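*Asks:*
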Amino acid sequence: MLLPHRWTTATAAAALSVALATTVSLSAQNADALYSSGSSVKLLNNGNFKRTVYNSNDVVVVEFFAPWCGHCKQLAPAYAKAAKKVRDSVVMAAVDCDAAENKQLCGQQGIQGFPTIKVYYPMQDKKKPGRLKKIPSDYQGERTSEALIQAAQSRLPTWSVTTLTADKTTVAKANIDEFLADEDKRRPAGLADGLPKAVFFTNKPQTAPQIRAMGLQFHGRLRIAVSRDPNLAKRFQVPSTPTLLVLPSGTSSADEAVIYDGELKRSKLIAFLEEHALPVGAGKKATAKKDKVKSAKTDAKTSDDRKNAKRSADSKIASDKTQREETTDASVIQIRSQEEIDACLDGENPCFMALFGLVDPLDGDALKEDMDNIEMLRKLQADDRRAGGPFRFAYLRGTDADQLAKQLDLADARPTAVIIRWQDRLYRPFGGAFDAQQLARFMRQTVSQRVSSLPLSQRPRFGPLPLQPSDRADDQGDDTKDTAEEENGDDEVDEEQTEHDEL
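Residue numbers -21 to -1, 1 to 482, in mature numbering (1 follows the signal peptide of the UniProt record, and there is no 0), belong to the letters of the sequence shown in order.
Below you can see the structure in the form of structure tokens.
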């Protein structure tokens, strides 16, 4: 009687083993049914998630899904289509949260429903200059390929690529001489010759997402720039556009430039740039060495130094508290000199500058509106101080405002505003209605860094920047040509280019 019993137990065990194997197989098939191995969607798991998302400079979009989820199945075609379109600039990936090995990962990412889409985008780390950190953001937009593409590429930062010009009248575009001198805080410490540099010469009015993605990929190893300036092209003997050239570390003249003469395909461009970029980790090693020396000096402080530091900190806290309490006397200065601009820009605080036009003293309505605007700025400053906010406030008027606007390529409309974070070499123009609600929102968005800012290569100056006679003639011709390009150019890389892995 025992033999049949043993046979039954063995059979049951075998049957259970087959059932489990079948379940695992079906689970894998379900995952593959959403995104096949040939798809542009990269399948992530607990083993490669950190490497792909947090240990790379890429913008990464991740869909957290379950194979049985109906909404996930509906989303899959649009998500796969978007992934194919942006594969040269953004990584689009997916995680099967129904798989046993991924359950902990999905829990760590706070996933509570399916599908959940998160965008992980890089920002400059203020605590570690030269480094990047990844910020996760929930995607709440439409589940269409177009909306997904727009959301993904909008996270490619403008600061990853520098816009170059020979024009000395603007600081919104990097002056070529400053760029070649490598006067840039993102350069890793300890590199005496600075970074090698690559310049794309183009007539396209907008920088392609693929180029901005390259700027991220080579961050800390090679600086990437674009130029639409024909005078700069002439200086570097560029015969036509598009043209890519590289200036190795420590070089600055056209004679030393290496011009790329291959196909304009991303894979081949990357291979060319890799030949001239610093090795991976070179910047980090230099920064780590500096941090180690700094740490040793800090550890060597005496107890008296610590006591003095504590007294100084206590004094600063008391001073800051007093400053916040004195909100009723908040003043907004009118900038009339370079020293006053410097006072607003220096330090860690962002500088909020309002730009006003001249007011006719005989126009009563205009005078009242102007006084109301100044009072509104005072109230914004008082509210900011009361909340312990970071801003410094100032304003310029008339010609002074116009000259600053020209340096920053701001619109002609008055009144308007701009926030400058000189420590980070970034600025953000205001584009809404000049009222308290819109300005407060503008300030909140800038502080939270939910929106992109523009790169700033030189310190803004009071009055016009020095202009040489030759520049005046060149600028007059360039403005007309650039305007025509802006009107006639295509803002996006066309579909054919994207499909063929070309820029």
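Backbone N, C-alpha and C fix where the C-beta goes; we use that ideal spot for every residue, glycine too.
For clarity, every value in this text was computed on a predicted model and none was experimentally measured.
For residue 190, report the span of its alpha helix (DSSP H) as first-last.
*Replies:* One-based indexing of the sequence shown puts residue 190 at position 211. Run containing residue 190: 188 to 196, per the alpha helix (DSSP H) assignment.
*Asks:* Report buried or exposed for residue 30, applying the criterion of at least 16 other Cβ atoms within 10 angstroms of its Cβ.
*Replies:* Here the question's residue 30 lines up with position 51 in the sequence shown. Exposed.
*Asks:* Quick one: which unbroken alpha helix (DSSP H) runs of 4-plus residues sit fully inside the region 231 to 262? Chain order, please.
*Replies:* 245 to 255, all fully within the region 231 to 262.
*Asks:* For the region 60 to 72 against the region 17 to 24, are there 3 or more C-beta pairs whose distance is under 8 Å?
*Replies:* Because the criterion of three Cβ pairs below 8 Å is met, the region 60 to 72 and the region 17 to 24 touch.
*Asks:* With distances taken from CA atoms, which of 316, 203 and 357 is nearest residue 180?
*Replies:* The residue given as residue 180 occupies position 201 in the sequence shown. Here the closest residue by C-alpha is 203.
*Asks:* Which word fits residue 47, buried or exposed, when buried means at least 16 other C-beta atoms lie within 10 angstroms of its C-beta?
*Replies:* Position 68 of the sequence shown holds residue 47. Exposed, by the Cβ-count rule.
*Asks:* For a quick check, are the C-beta atoms of residue 387 and residue 150 less than 9 Å apart?
*Replies:* Along the sequence shown, read from residue 1 onward, the residue named residue 387 stands at position 408. Along the sequence shown, read from residue 1 onward, the residue named residue 150 stands at position 171. Cβ atoms of residue 387 and residue 150: closer than 9 Å.
*Asks:* Taking just the CA atoms, how far does residue 255 sit from residue 229?
*Replies:* Numbered from its first residue, the sequence shown carries residue 229 at position 250. Numbered from its first residue, the sequence shown carries residue 255 at position 276. Roughly 12 Å between the two C-alpha positions.
*Asks:* Measure from the alpha carbon of residue 336 to the alpha carbon of each residue in 375, 317 and 356, then state which is nearest.
*Replies:* Working through the sequence shown from its first residue, we reach residue 336 at position 357. Comparing Cα positions, the closest option is 375.
*Asks:* Would you list the one or two residues that DSSP bridges to residue 335?
*Replies:* Translated into positions along the sequence shown, residue 335 becomes position 356. Its beta-bridge partners are 376.
*Asks:* Consult DSSP for residue 205 and reduce its assignment to one of helix, strand or coil.
*Replies:* Taking the sequence shown and counting its residues from 1, the one referred to as residue 205 is at position 226. Three-state result, residue 205: strand.
*Asks:* Using the three-state DSSP reduction, which class does residue 135 fall into: helix, strand or coil?
*Replies:* Here residue 135 refers to the residue found at position 156 of the sequence shown. Of the three classes helix, strand and coil, the one that applies to residue 135 here is coil, per DSSP.
*Asks:* My understanding is that residue 413 touches residue 352, with C-beta atoms under 8 Å, so please give their C-beta distance in whole angstroms.
*Replies:* As a working note, residue 413 is residue 434 in the sequence shown. As a working note, residue 352 is residue 373 in the sequence shown. That belief holds up - the Cβ atoms of residue 413 and residue 352 are roughly 7 Å apart, short of 8 Å.
*Asks:* Is residue 221 helix, strand or coil when you go by DSSP?
*Replies:* Position 242 of the sequence shown, counting from 1, holds the residue named residue 221. Correct three-state label for residue 221: coil.
*Asks:* In whole angstroms, what separates the C-alpha of residue 485 from that of residue 249?
*Replies:* Missing from the structure shown is residue 485; the chain here goes from -21 to 482 and no further.
*Asks:* If we call anything under 9 Å between Cβ atoms a contact, is residue 131 one with residue 237?
*Replies:* Walking along the sequence shown from the start, residue 131 turns up at place 152. Walking along the sequence shown from the start, residue 237 turns up at place 258. No. Outside cutoff.
*Asks:* Apart from the five residues on each side of it in sequence, which residues of its chain come closer than 7 Å, Cβ to Cβ, to residue 272?
*Replies:* Looking up residue 272 in the sequence shown gives position 293. For residue 272, the pLDDT reaches just 46, beneath the cut-off of 50, and the residue's location in the model is therefore unreliable, although a value from the coordinates is still provided. Excluding residues within five positions, none has a Cβ falling inside 7 Å.
*Asks:* Where does residue 330 fall in DSSP's three states?
*Replies:* On the sequence shown, residue 330 is found 351 positions in, with the first residue counted as 1. Residue 330 falls in the strand class under three-state DSSP.
*Asks:* Do the region 135 to 146 and the region 189 to 200 make contact, defined as three or more Cβ pairs closer than 8 Å?
*Replies:* Judged by Cβ distances under 8 Å, the region 135 to 146 makes contact with the region 189 to 200, as three or more pairs qualify.
*Asks:* Does the beta-carbon distance from residue 182 to residue 214 come in below 9 Å?
*Replies:* The residue labelled residue 182 in the question sits at position 203 within the sequence shown. The residue labelled residue 214 in the question sits at position 235 within the sequence shown. It is not a contact, given that the beta carbons lie outside the stated cut-off.
*Asks:* For residue 218, which option in 239, 201 and 227 has the closest C-alpha, if you only look at C-alpha atoms?
*Replies:* As a working mapping, residue 218 is identified with position 239 in the sequence shown. With distances taken between Cα atoms, residue 218 lies closest to 239.
*Asks:* Buried or exposed for residue 434, going by 16 or more other Cβ atoms inside 10 Å?
*Replies:* Here residue 434 refers to the residue found at position 455 when the sequence shown is read from its first residue. Result: buried.
*Asks:* Skipping 5 residues on each side, what residues in its chain have a beta carbon closer than 6 Å to that of residue 223?
*Replies:* Position 244 of the sequence shown, counted from the start, is the residue given in the question as residue 223. Correct list, in chain order: 179 and 239.
*Asks:* If I'm right that residue 356 touches residue 333 with Cβ under 8 Å, what's the distance once you round it to whole angstroms?
*Replies:* Residue 356 sits at position 377 when you count from the first residue of the sequence shown. Residue 333 sits at position 354 when you count from the first residue of the sequence shown. 6 Å between Cβ atoms; contact.
*Asks:* Between the C-alpha atoms of residue 62 and residue 251, what's the straight-line distance to the nearest angstrom?
*Replies:* Within the sequence shown, numbered from 1, the residue matching residue 62 stands at position 83. Within the sequence shown, numbered from 1, the residue matching residue 251 stands at position 272. Approximately 25 Å between the Cα atoms of the pair.
*Asks:* Is the CB-CB distance between residue 147 and residue 159 below 9 Å?
*Replies:* As a position in the sequence shown, residue 147 is number 168, starting the count at 1. As a position in the sequence shown, residue 159 is number 180, starting the count at 1. No; because the gap between Cβ atoms is not below 9 Å, this pair is not in contact.
*Asks:* Using a Cβ-Cβ cutoff of less than 6 Å, which residues in the same chain neighbour residue 124 once the five nearest sequence positions on both sides are dropped?
*Replies:* In the sequence shown, residue 124 corresponds to position 145, counting from 1. Closer than 6 Å at Cβ, skipping near neighbours: 57, 60 and 61.
*Asks:* For the beta strand (DSSP E) containing residue 114, name the first residue and the last one.
*Replies:* Along the sequence shown, read from residue 1 onward, the residue named residue 114 stands at position 135. From DSSP, the beta strand (DSSP E) with residue 114 extends over 111 to 117.
*Asks:* Once you ignore the five residues that flank residue 104 on each side, which residues in its own chain have a CB closer than 7 Å to its CB?
*Replies:* Residue 104 sits at position 125 when you count from the first residue of the sequence shown. Within the same chain, residue 104 has close Cβ partners 110, 111 and 112.
*Asks:* Mind checking if residue 217 is an interface residue toward chain C, Cβ cutoff 9 Å exclusive?
*Replies:* Annotation note: the requested chain C is absent from the structure, which comprises a single protein chain.
*Asks:* May I ask you to check if the CB of residue 254 is nearer than 8 Å to at least one heavy atom of the ligand MN?
*Replies:* Among the components of this structure there are no ligands whatsoever, and the ligand MN is therefore not found.
*Asks:* Considering only their Cβ atoms, is the gap separating residue 189 from residue 67 smaller than 9 Å?
*Replies:* Here residue 67 refers to the residue found at position 88 of the sequence shown. Here residue 189 refers to the residue found at position 210 of the sequence shown. Yes; because the gap between Cβ atoms is below 9 Å, this pair is in contact.
*Asks:* Is residue 114 near residue 102, with beta carbons less than 9 Å apart?
*Replies:* The count along the sequence shown starts at 1 and reaches residue 114 at position 135. The count along the sequence shown starts at 1 and reaches residue 102 at position 123. A contact, by the Cβ cut-off of 9 Å.
*Asks:* According to DSSP, simplified to helix, strand and coil, what is residue 438?
*Replies:* Counted from its first residue, the sequence shown places residue 438 at position 459. Reduced to three states, the DSSP call for residue 438 is coil.
*Asks:* Throw me the rounded Cβ distance for the residue 400 and residue 329 pair, which I believe falls under 8 Å.
*Replies:* Mapped onto the sequence shown, residue 400 falls at position 421. Mapped onto the sequence shown, residue 329 falls at position 350. The pair is a contact, with the Cβ atoms about 5 Å apart (cut-off 8 Å).
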